[in-house]
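What follows is a short report on a single structure.
2 protein chains.
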Amino acid sequence: MLTRIDHVGIACPDLEAAIARYESVFGLTVVSRETNSEQGVREAMLAVSAAPAASYVQLLEPLHPDTPVGRFLARRGEGIHHIGYAVPDITAALAAIGESGVRLVDERPRHGSMGASIAFLHPSDLGGVLTELVQARGGRALQPCETKAI
Amino acid sequence: MLTRIDHVGIACPDLEAAIARYESVFGLTVVSRETNSEQGVREAMLAVSAAPAASYVQLLEPLHPDTPVGRFLARRGEGIHHIGYAVPDITAALAAIGESGVRLVDERPRHGSMGASIAFLHPSDLGGVLTELVQARGGRALQPCETKAI
């Protein structure tokens with residue numbers, strides 16, 4: 687069902703400062719920037735490994751304090767927010783996971799970074815781990831840095 | 687410097703219950719079990735993807751409350767404890783990261799899961815993210831499940 691670790695999602699109060707840190711300390715490169723109003727975040731994807739086994743650091747800055755990431759920052763401080771796993775078929779994966787008894791935050795896939803379809807699973811049923819499923823668009827290959835709103 | 691996300695480290699109060707959850711919900715398989723007295727944990731590695739782009743879920747149960755993972759559980763509850771990135775040369779990576787100003791929890795590599803050399807970086811200098819570097823032993827290929835103490 688899971689084919690790789692797609693990304694680690696990291697909550698930060700200042701996206702530009704966080705990007706600068708990952709660029710300077712680890713030499714990572716931003717491959718996508720987006721504002722996702724639905725999720726209430728401004729975010730950047732930095733490539734750790736390339737396709738076909740692509741993996742990313744996803745840096746997330748809340749658009750407002752009253753958003754999931756904003757509330758996470760207020761409650762727990764900056765740090766790892768979630769882990770994202772790649773799946774080949776997110777609809778099939780959600781059906782199977784739902785049958786296993788894990789509650790789905792998203793009953794149906796929604797828009798994620800870089801054109802992916804994503805869905806979150808409830809951390810209360812997964813040992814406190816906010817878990818995201820990611821079905822990449824076209825293998826989620828690396829692409830030039832782009833800025834867009836979805 | 688970083689070549690892939692090697693693993694996500696998850697703190698749990700009951701290793702067997704956590705393994706059962708990842709096996710039943712996601713169909714993952716345990717590829718290694720170890721007790722690491724130096725780090726004060728009993729742990730299991732479950733394969734998400736295979737070599738050469740191997741990635742794992744690492745489940746960590748503290749041996750005692752007065753261990754790093756035990757204190758993490760008491761302070762924050764179960765959940766994501768750290769993220770581990772693969773590096774080809776951990777000594778070179780530690781030198782470069784140290785020069786960037788990030789404090790090293792481990793000045794020199796120590797023993798990690800499945801024969802790897804590992805080192806932790808200080809979360810206070812990395813936006814609250816406890817970060818581990820992993821130099822795999824022989825590419826850290828998948829191997830039959832083994833139980834050993836190191």
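Chains as they are written, first to last, in my numbering: chain A, 687 to 836; chain B, 687 to 836. Even glycine gets a Cβ: it sits at the ideal position worked out from N, Cα and C. Just so you know, these numbers come straight off a predicted model, no measurement behind them.
Beta-carbon spacing of residue i, residue j below 7 angstroms
i, j, result
"B/Val773", "B/Ala779", "yes"
"A/His837", "A/Gly695", "Because chain A in this structure spans residues 687 to 836, residue 837 of chain A falls outside the shown range and cannot be described."
"A/Leu749", "A/Gly726", "yes"
"B/Met731", "B/Ser710", "no"
"B/Pro795", "B/Ser786", "no"
Closest residue to residue i among the options (Cα-Cα distance)
i, options, result
"B/Ala733", "B/Gln725, B/Val743, B/Ala703", "B/Val743"
"B/Pro738", "B/Glu793, B/Ser803, B/Thr689", "B/Thr689"
"B/Ala703", "A/Gly813, A/Ser723, A/His693", "A/Gly813"
"A/Leu790", "A/His797, A/Arg707, A/Asp811", "A/Asp811"
"B/Thr721", "B/Arg707, B/Gly713, B/Leu746", "B/Leu746"
"B/Tyr771", "A/Asp775, A/Gln821, A/Leu714", "A/Leu714"
"B/Leu701", "B/His693, B/Val716, B/Phe712, B/Asp692", "B/Val716"
"A/Pro699", "A/Val820, A/Pro754, A/Thr777", "A/Pro754"
"B/Glu729", "B/Leu819, B/Ala740, B/Gly756", "B/Gly756"
"B/Gly784", "B/Tyr708, B/Glu724, B/Leu819", "B/Leu819"
"A/Thr777", "A/Gln821, A/Phe712, A/Glu724", "A/Gln821"
Closer than 7 angstroms to chain E by CB, residue i
i, result
"A/Arg719", "Here the protein chains are A and B, and chain E is not one of them."
Bridge-paired residues (DSSP) for residue i
i, result
"B/Leu819", "B/Tyr771, B/Ala805"
"A/Thr715", "A/Ala733"
"A/Arg796", "A/Ile804"
"A/Ala663", "Not covered by the structure: residue 663 of chain A. The range shown for chain A is 687 to 836."
"A/Gly763", "Answer is none; A/Gly763 lacks a bridge partner."
"B/Glu747", "B/Arg728"
"A/Val694", "A/Val743, A/Ile769"
"B/Leu780", "B/Leu780 is not bridged to any residue."
"B/Leu790", "B/Leu807"
Euclidean distance between Cα positions of residue i and residue j
i, j, result
"A/Arg823", "A/Gly801", "6 angstroms"
"B/Ala697", "B/Ile705", "12 angstroms"
"B/Asp692", "A/Asp692", "11 angstroms"
"B/Glu793", "A/Glu793", "46 angstroms"
"B/Val815", "B/Phe806", "10 angstroms"
"A/Arg707", "B/Asp775", "21 angstroms"
"A/Thr817", "A/Phe712", "25 angstroms"
"B/Gly763", "A/Gly763", "14 angstroms"
Chain-order list of residues whose beta-carbon lies under 8 angstroms from that of residue i (same chain, five-residue window excluded)
i, result
"A/Ala850", "Chain A is shown from 687 up to 836; residue 850 of chain A falls before or after that span and cannot be answered."
Close-in-space but distant-in-sequence residues of the same chain around residue i (CB under 6 angstroms, 5 per side omitted)
i, result
"A/Ser735", "Ser741"
"B/Glu724", "none"
Close Cβ partners of residue i (< 7 angstroms) along its chain, the five nearest in sequence each way excluded
i, result
"A/Phe758", "Ala697, His767"
"B/Met687", "Val773, Ala779, Ala782"
"B/Cys799", "Looking at the sequence provided, one finds Ser at residue 799 of chain B rather than Cys. Counting only Cβ-Cβ distances below 7 angstroms, and skipping sequence neighbours, we find Ser718, Glu720, Glu729, Met731, Gln744."
"A/Val788", "Leu807, His808, Asp811, Leu812"
Distance cut-off 6 angstroms: residue i Cβ against heavy atoms of the ligand COA
i, result
"B/Thr689", "Although the ligand COA was asked about, the structure shown includes no ligands whatsoever."
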